[in-house]
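**Q**
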Amino acid sequence: MEQTIKQQILKKGLKKSGRKKRWLSRVLVMPVVIFLIVFFVVPLADILCKSIINPEIHRNLPQTLQALATWDGKTIPDNTVFMALANDLREARKKGVAGAVGRRLGYEDDKYRIMISTTLRKLPRKPVDDIKSKIVAASPLWQDPTTWQVIKQVSGSLTTHYLLQSFDYKTDYSTGKLVPITIKMHNEQVANYHIKILLRTLWMSFIITSFCVLIGYPLAYWLSCQPTKRANLLLILVLLPFWTSLLVRTTGWYILLQSNGLINYLLQLFGIISQPISFIPGRFGVYIAMIHILLPFIVLPLYAVMKGISTTHLRAAISLGAHPLYAFFTVYVPQTYAGLRAGVLLVFIMAIGYYVTPALLGGPADQMISYFINYYTNEINNWGLAAALSLQLIVLVVILSWIYSKISYRKRKV
């Protein structure tokens, strides 16, 4: 009986001690969790929400939308709707948000942005009886029922416009169907503009990752075969790029690759070329610089895995009659898949989000999706489209991470 009581007391004590340890571990982790939520999750969620949030019209044209509630959608609205529009535009001008209305309608078609700005300039300061004729005189587009259909359709607090535009589609409000978007570039209409940018980003990232594997794998293998002291010294050379700024490294390549740079000078000195080669701006310069910058991210995980692989497996396969190359690719290489997968995923994910290096070394046809996210944010002030393009990258990274985890799980299971 006493032994049973002691066992129960011991169990209670162990449970109490376990609870204390769990709570202590949670308390220790809380600062990190709070930091991630405040400085990573919340800002990221705020940016991504901009891809579906649509506050400009319903917030700044409330009277107009209320008056349009009974509109048949086919004819020109009556004077009451025009009166409400005039009141809303005056109020928006007073608050300094009239530009937001024009900008949002301009995302649908640039003619609507011009229509709003022209109407604001010619709008009477005080209410007048025949406001309809005044507004129509300012811009004939107000006589087109399609204009009012667009205003009514984009008045929701949420929208799919930016997400559709990131895939080069938009909604035709007169028919309610999705239609492809074409963008005017150099006096030519370009279709699938954003899709081409995404595919270019993926292709360039694939090329960069492939060359990092081709260069990094032999380098990591060679390092793993060196004595410890020599390997540590050589690893310092691999880690050396981390000690300098990304901008400094990119600028260094800019100096080396320019027409009067060191590389062209050496090629001319040895008689390989007679005229300087234009490496930059161009994709070749982007590839060279990004491979150099991202190479350590595949060498280090490979080296960490290779150091733990015993060379006796390879020697045993060769001693049993296997050709050295066959033994290397069938015995040694499969044991490095964990480091290879980690390095490839890391390099590819970093490559698709690079901005500085392509911006400095590349031309207009060499820019990746991150350049256009910056362009829409800072130049065009279209945060919704920038957020939609960012969402594309995040979804892509999540899919790649999911594939990596599935492959790793299957390998561990086997």
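Sequential numbering from 2 applies to the sequence shown in our numbering.
Every residue gets a Cβ at the ideal spot worked out from N, C-alpha and C, and that includes glycine.
As the structure is a prediction and not an experimental result, all values here were calculated from the model.
(1) For Ala290, which option in Trp244, Leu361, Phe330 and Leu341 has the closest C-alpha, if you only look at C-alpha atoms?
(2) How far does the alpha helix (DSSP H) with Pro181 in it extend, from its first residue to its last?
(3) Which residues in the same chain have their Cβ closer than 7 Å to the Cβ of Gly364, if we skip the five residues on either side of it in sequence?
(4) The alpha helix (DSSP H) spanning Thr172 covers which residue range?
(5) What is the DSSP secondary structure of Ile77, counted as helix, strand or coil?
(6) Where Leu341 and Trp223 are concerned, what is the direct C-alpha to C-alpha distance, given to the nearest angstrom?
(7) Considering just the uninterrupted stretch of the alpha helix (DSSP H) at Ser225, what are its terminal residues?
(8) On the DSSP bridge list, what partners appear for Lys185?
(9) Whole-angstrom Cβ separation of Asn233 and Leu159, contact assumed at under 8 Å?
(10) Just to confirm the assignment, what range does the alpha helix (DSSP H) spanning Pro359 have?
(11) At 4 residues or longer, and completely inside the segment 227-291: list those alpha helix (DSSP H) runs for me, N to C.
(12) Note down the Cα distance separating Ile292 from Ile319, rounded to an integer number of angstroms.
(13) DSSP beta-bridge partners for Leu1?
(14) Smallest Cα separation from Tyr355: which of Leu236, Thr210 and Thr312?
(15) To the nearest whole angstrom, what separates the beta carbons of Phe168 and Lys133, a pair I think is in contact under 8 Å?
(16) Just tell me which of Gly344, Phe41, Arg316 and Phe271 has its CA closest to the CA of Thr331.
(17) Does Leu159 come out as helix, strand or coil in the three-state DSSP assignment?
(18) Which residue wins for smallest C-alpha separation from Leu49, given the options Asp110, Pro63, Ser391 and Ser311?
(19) If you draw a straight line from the C-alpha of Ala85 to the C-alpha of Val151, how long is it?
(20) Among Val300, Ile237 and Asp89, which one has its Cα closest to the Cα of Phe212?
(21) Going by Cα to Cα distance, which pick from Ile182, Tyr333, Tyr327 and Ile294 is closest to Leu303?
(22) For Trp403, is the classification buried or exposed, using 16 other Cβ atoms within 10 angstroms of its Cβ as the cut-off for buried?
(23) Suppose you measure from the CA of Lys135 to the CA of Arg91; what does that come to, to the nearest Å?
(24) Bridge partners of Ile54, per DSSP?
(25) Using 10 angstroms around the beta-carbon of Arg105, count the other beta-carbons present and answer buried if the total reaches 16, otherwise exposed.
(26) For a test of the three-state rule: what should DSSP assign to Met116, helix, strand or coil?
(27) Quick one: grab the DSSP three-state call for Ile48.
(28) Going by DSSP in three states, Lys308 sits in which element: helix, strand or coil?
(29) Using C-beta distances below 8 Å, list every residue in its chain close to Tyr288, excluding the 5 sequence neighbours before and after it, in chain order.
(30) Note the first and the last residue of the continuous alpha helix (DSSP H) segment covering His314.
(31) At which residues does the alpha helix (DSSP H) containing Pro146 begin and terminate?
(32) Figure out for me which residue from Leu200, Lys185, Thr147 and Tyr194 has the closest Cα to the Cα of Tyr174.
(33) Should Asn61 be labelled buried (16 or more other beta-carbon atoms within 10 Å of its own) or exposed?
(34) Quick test of the definition: if touching needs 3 or more C-beta pairs under 8 Å, does the segment 343-358 touch the segment 240-251?
(35) Expressed to the nearest angstrom, what Euclidean distance is found between the alpha-carbon atoms of Ser140 and Leu203?
(36) Evaluate Gly344 with the Cβ neighbour count: other Cβ atoms within 10 Å of its Cβ, from every protein chain shown; 16 or more gives buried, anything less gives exposed.
**A** Taking the coordinates as given:
(1) Leu361
(2) Segment Lys178 to Pro181 is the beta strand (DSSP E) holding Pro181; no alpha helix (DSSP H) there.
(3) Pro282 and Gly283
(4) Looking at the DSSP string, Thr172 is not in any alpha helix (DSSP H); the run it does join, the beta strand (DSSP E), is Tyr170 to Asp173.
(5) coil
(6) Leu341 and Trp223: Cα-Cα distance of roughly 15 Å.
(7) Tyr194 to Ser225
(8) Gln190
(9) With a Cβ gap of about 56 Å, Asn233 and Leu159 do not count as contacting.
(10) Under the DSSP assignment, Pro359 falls in the alpha helix (DSSP H) whose first and last residues are Val357 to Leu362.
(11) 229-240, 247-258 and 263-270
(12) Between the alpha carbons of Ile292 and Ile319 lies a gap of roughly 34 Å.
(13) Only positions 2 to 415 of the chain appear in this structure, which leaves residue 1 out of reach.
(14) Thr210
(15) About 39 Å; that fails the 8 Å criterion.
(16) Arg316
(17) strand
(18) Considering only Asp110, Pro63, Ser391 and Ser311, the residue with the shortest C-alpha distance to Leu49 is Ser391.
(19) 17 Å
(20) Val300
(21) For Leu303, the closest of Ile182, Tyr333, Tyr327 and Ile294 by C-alpha to C-alpha distance is Tyr333.
(22) exposed
(23) 14 Å
(24) Listed as beta-bridge partners of Ile54 by DSSP are Leu159.
(25) buried
(26) helix
(27) helix
(28) coil
(29) Met205, Ile208, Ile209 and Phe212
(30) First-last of the alpha helix (DSSP H) with His314: Thr313 to Ser320.
(31) Pro146 to Gln154
(32) Thr147
(33) buried
(34) yes
(35) Cα to Cα, the separation comes out at about 44 Å.
(36) Per the 10 Å Cβ criterion, buried.
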